[in-house]
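Taking the UniProt record's numbering, I'd label the letters of the sequence shown as residues 1 to 378. Please read the structure below before turning to the comments.
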Amino acid sequence: MNLAEARSDFPIVYRRAYLNACSLMPLSNRVVGAVHAQLGDLQLNGRNNSPHRIRFAEEHIRPAIARLIGAVPAEIAFVKNTTEGLNIVANGIDWREGDNVVIANIEYPSNVYCWLNLARRGVEIRWIDAKAAGGRVTVDDVARQIDSRTRLVSVSCVQFSTGFRQDMEATGDLCRERGVLLNYDAIQAAGVLEIDASRTHFDFMSAGGHKWMGGPMGTGFFYCRASSLERLHPHGIGPGSMTNEETDIDYDIGLMQPDARRFEEALPNYPGLWGLHASLGTILALGPQVVEAHSLRLISRAIEGLKRKGYLIHSPQEERHRSGILTFRHPERSSEELNERLVEAGVDVTVRQGNLRIAPHFYNDDGDIDWLLEALPA
């Protein structure tokens, strides 16, 4: 499969320049077909194909997610969204009063509320003032906030409002050296940027499937490094967490799954997971390296064109901190006004913190960026 073939599977590209994968990725024909097929099977066969569904999830869907981030299938749990994965971590650590968590003050709320909720257990927050640093969360910033009571650092691989790309390797090395757990919100990275858990250290990672991974809403993954599994106690358990039959009424809580599946309480969203698997099939067929390079090339094209028109670039421009997200603004006109103009012109973006935000993915091409630039006034 090549990029042109992948693009042709998205009906929206024939109608609009959709530069909004960071908000909600449009579904491809392949994804919709996979969901419909699974729903049709349930309609015609009920539970009769349940063994096949379970086997397919274990033999194909879980391994596909693992392959995307350089993990092994046993380190992957199915979740509904990023927030669920973050709460697995927040509520699974054996916190002691006076412990602290390091987070930044520009994080998406999902990566803040779950930590603030720990105040009742005496857990404190050590804030990185990324607002004052132009939306950046550097390794030095993280290091300055870690102290003797820091148990965990939780940061986004890519910041949703600025597109700042975390130096994952350096951050991982720092946390490992300090003996601090590292948790990533990966929803703005998984599916567009290369992630390799086999080479980069982090303990936990969560991402919903409805953005860059291209799956339906209500799908996602939680990653737990095998060596960190016993440092996290499931805050919610059910039949899905156990190795025995779900109808077993001996209630032996000691029969917990030996891997990340212990964090799956019950039946997952099988139709949604079928759709996610279909989308991951496209990404993996193209190759994560190809997908990342294509997105970053389109970002560069946009930066060049926006600068020519006098726009102010808010996102980092150093290559190592660039991501699939670019934020910018007009020096005089409001971003809300310009967004309305873009919608009328058939270009879909978002406004975050007063900036216009674009997020080109593998289904976008040069023409979409040119469409954006033509629709924006100088």
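Using N, Cα and C, we set each Cβ at its ideal position, and we do this for glycine too. Quick caveat: nothing in here was measured; it's all calculated off a predicted structure.
Does DSSP put residue i in a helix, in a strand, or in coil?
| i | result |
| --- | --- |
| C114 | helix |
| V347 | strand |
| S154 | strand |
| V139 | helix |
| W212 | coil |
| T171 | helix |
| W274 | helix |
| S206 | strand |
| N199 | The question names Asn, yet the displayed sequence has Arg at residue 199. Reduced to three states, the DSSP call for R199 is coil. |
| I54 | helix |
| I128 | strand |
| F263 | helix |
| R165 | strand |
| residue 397 | Because the chain is modelled from 1 through 378, residue 397 falls outside the range shown and cannot be assessed. |
| D252 | coil |
| A189 | coil |
| T327 | strand |
| A104 | strand |
| R15 | coil |
Just the C-alpha distance for residue i and residue j, rounded to the nearest angstrom, thanks.
| i | j | result |
| --- | --- | --- |
| G354 | T162 | 11 Å |
| I103 | P360 | 27 Å |
| C175 | V153 | 8 Å |
| E107 | D368 | 29 Å |
| R341 | T82 | 32 Å |
| T282 | I61 | 13 Å |
| P258 | A278 | 28 Å |
| R7 | V291 | 12 Å |
| D348 | G46 | 39 Å |
| A190 | L86 | 15 Å |
| N49 | L39 | 12 Å |
| A285 | A186 | 21 Å |
| L273 | R333 | 42 Å |
| S101 | R67 | The sequence shown places Val at residue 101, rather than the Ser named in the question. Distance between the alpha carbons of V101 and R67: 30 Å. |
| G304 | G346 | Reading off the sequence shown, one finds Glu at residue 304, where the question assumed Gly. In a straight line, the C-alpha of E304 is about 21 Å away from that of G346. |
Shorter than 7 Å from the beta carbon of residue i to some beta carbon of chain C?
| i | result |
| --- | --- |
| F202 | Among the protein chains of the structure shown there is no chain C, as only one such chain exists. |
Measure from the alpha carbon of residue i to the alpha carbon of each residue in the options, then state which is nearest.
| i | options | result |
| --- | --- | --- |
| V142 | G172, A189, R121 | G172 |
| P11 | M25, R121, L276 | M25 |
| Y270 | A57, S335, E177 | A57 |
| R53 | P268, V139, K211 | P268 |
| G240 | W115, A226, C224, A266 | A266 |
My guess is that residue i and residue j are in contact by the Cβ rule of under 8 Å, so how many angstroms apart are they, rounded?
| i | j | result |
| --- | --- | --- |
| V155 | G324 | Contact flag wrong, Cβ pair sits at about 17 Å. |
| V79 | S206 | 7 Å |
* At a cut of 8 Å, does the segment 208 to 227 reach the segment 134 to 144 through at least three beta carbon pairs? -> The way I'd put it, the segment 208 to 227 doesn't touch the segment 134 to 144; fewer than three beta-carbon pairs between them come closer than 8 Å.
* To do: Decide yes or no for the touch test of the segment 225 to 238 against the segment 79 to 98: beta carbon pairs closer than 8 Å, at least 3 of them.
  => Touching, yes.
* Asked: Between the segment 137 to 151 and the segment 300 to 317, are three or more C-beta pairs nearer than 8 Å?
  -> The segment 300 to 317 and the segment 137 to 151 do not touch, with fewer than three beta-carbon pairs separated by less than 8 Å.
* Stretch pair the segment 245 to 258 + the segment 30 to 42: three plus CB contacts closer than 8 Å -> Contact between the segment 245 to 258 and the segment 30 to 42 is not established, with fewer than three Cβ pairs separated by less than 8 Å.
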